[in-house]
Amino acid sequence: MLDTRMLSSAIVEGDVEQARHLAEQIAADPGLDPVMALEQGFIPGIREVGRLWQEGEYFLPELVQGAEAMKAAMAALTPRLARSGGHKARGKVVLGTVAGDLHDIGKSLVGALLVAHGFEVEDLGVDVPVCAFIDRAREGRADIVAASALLTTTMVTQRALVEAVAEARLDCAVLIGGAPTSARWAREVGAHYAESAPEAVEVACRLVQSR
Ligand code: B12
């Protein structure tokens, strides 16, 4: 049985060792669901860290520590998620966080869940220039280019990405997300949108099916 509160507390307390240990246990137990562990345990934990920071209860060191714990949990779960994805790729996704933006937790969650649902994901990391998205999408014949932005100053790059994909005449959809973005913003720039990692999987499935 998964104790999702324990998973969430490990992140809120910024306990890297405990987060890694719990995630390793989940990864090693075929009876436990790693996607559920993320959705109901670890993700609510990092969201709570964000809330505590926004309300001034946490300072930068606690925020960074929570992010480190989250990354340790994700690193331990990722191989298991990849194994549950099956062998035949559903589609190819080139993923990254846009230039000037170093937030990678949400982006990596989207990548991990896409892999878990059978997508081939090339994760370009953070601070990715538009031209790198375009080059990799062209060379890898991507079905979807997926871009994360967590800052109001960097989300404008998502518009530049949509324009660059059109200019390069790439046959791929652009999927965007990240806390300051919205369905309305996506409509305005001409991209597809998902609010969360599970929703990103749903939208990606729809996009490849309709091709
Ligand atoms: C953790 C964090 C950090 C960590 C990042 C660690 C890391 N390795 O990622 C650190 C401490 C490094 C950091 C730095 C900064 N941060 Co910060 N950070 C956060 C925080 C608290 C949580 C972000 C997070 O990981 N959330 C958890 C994940 C799971 O949620 P998510 O990212 O939203 O992702 C989900 C969805 O959005 C969606 N999604 C995300 N990406 C994508 C992509 C696609 C394609 C799709 C479909 C969906 C999707 O799915 C995800 C999972 O469900 C947010 C607060 C917040 N409320 O978001 C501030 C926040 C984003 N940061 C903020 C700021 C200002 C900064 C700094 C400028 C602070 C500073 N003065 O130095 C720097 C910027 C550095 C840079 N150049 O990028 C502001 C941004 C304000 C704004 N509107 O622009 C926020 C909103 C905090 C605030 N209220 O002030 N930050």
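In terms of numbering that gives the first Met the number 0, the sequence shown opens at residue 0 and continues consecutively.
We put the CB at the ideal spot given by N, CA and C, even for glycine.
All values reported here derive from a predicted model rather than from experimental measurement.
Residue range of the unbroken alpha helix (DSSP H) whose run includes residue i
i, result
"D134", "129-138"
"T77", "59-82"
"C171", "No alpha helix (DSSP H) contains C171, which DSSP labels as neither H nor E."
"E16", "15-27"
"S195", "Unbroken run through S195: none, as it is neither H nor E."
"V109", "104-115"
"V48", "42-53"
"A88", "Premise fails: A88 is in no alpha helix (DSSP H) and is neither H nor E."
Cβ-heavy atom distance, residue i to the ligand B12, below 6 angstroms
i, result
"I25", "no"
"L149", "yes"
"A145", "yes"
"S8", "no"
"K91", "no"
"Q39", "no"
"H102", "yes"
"I133", "no"
Residue i vs residue j beta-carbon contact at 7 angstroms
i, j, result
"A18", "A9", "yes"
"G177", "L149", "yes"
"T152", "V97", "no"
"G40", "S7", "yes"
"G90", "D142", "yes"
"G13", "A71", "no"
"A81", "I133", "no"
"I175", "A196", "no"
"W52", "L62", "yes"
8 angstroms contact criterion, which residue i and residue j should meet: CB distance rounded
i, j, result
"V202", "A193", "5 angstroms"
"C171", "V144", "6 angstroms"
"V92", "V120", "5 angstroms"
"V200", "H116", "5 angstroms"
"S147", "G105", "6 angstroms"
Run of the beta strand (DSSP E) containing residue i, from where it starts to where it stops
i, result
"S181", "Where S181 is concerned, there is no enclosing beta strand (DSSP E), given that its DSSP letter is neither H nor E."
"L94", "91-96"
"E119", "119-122"
"S147", "143-147"
Within-7 angstroms CB hit, residue i to chain C
i, result
"Q157", "Among the protein chains of the structure shown there is no chain C, as only one such chain exists."
Item to complete: Examine the Cβ distances between the segment 74-82 and the segment 93-112 and report whether three or more of them are shorter than 8 angstroms.
Response: Three or more beta-carbon pairs separated by less than 8 angstroms link the segment 74-82 to the segment 93-112, which places the two stretches in contact.
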